[in-house]
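Numbering (the working numbering), first residue to last: 1325 to 1435. For each residue, glycine too, the CB sits at the ideal point set by N, CA and C. First up is the structure itself, then whatever we jot down about it.
Have a look at this one:
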């Protein structure tokens, strides 16, 4: 009887430990995926910001030409659009960062 009880306790402990390791591995994979997504989004954001800066520079060059009023306005609009896209990407980055922090907190609690 005591041998059976010891065996059951040991087996239960093994399954509990195995479940914790599996959960930690899954969390690590999710965190790695989130890091990759954040990196891609940061590159996209830099692209949008650089396009906005390029359009701003072009608008500044054209603002003193009489014939280029519409073109100047269009470059300013494109710069604003690119800044809006960069802001939307930043919101997504912030959301993913929060999700990553939550996963890290959950992983620390289980250890």
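Which of helix, strand or coil DSSP assigns to residue i
{"i": "residue 1388", "result": "coil"}
Own chain partners of residue i with C-beta closer than 8 Å, once the 5 adjacent residues on each side are dropped
{"i": "residue 1379", "result": "1399, 1400, 1402, 1403 and 1406"}
{"i": "residue 1387", "result": "1396"}
{"i": "residue 1420", "result": "1358, 1361, 1362 and 1365"}
Same chain, Cβ closer than 6 Å to residue i, neighbours up to 5 away in sequence not counted
{"i": "residue 1383", "result": "1396, 1399 and 1400"}
{"i": "residue 1368", "result": "1413"}
{"i": "residue 1410", "result": "1369, 1372 and 1373"}
Distance between beta carbons of residue j and residue i, contact taken as under 8 Å
{"i": "residue 1357", "j": "residue 1427", "result": "Incorrect: roughly 10 Å between the Cβ atoms, too far for contact."}
{"i": "residue 1430", "j": "residue 1351", "result": "7 Å"}
Open item on the list: Across the segment 1389 to 1406 and the segment 1354 to 1365, are there enough close Cβ pairs to call them in contact, namely three or more that are closer than 8 Å?
Closed with: no
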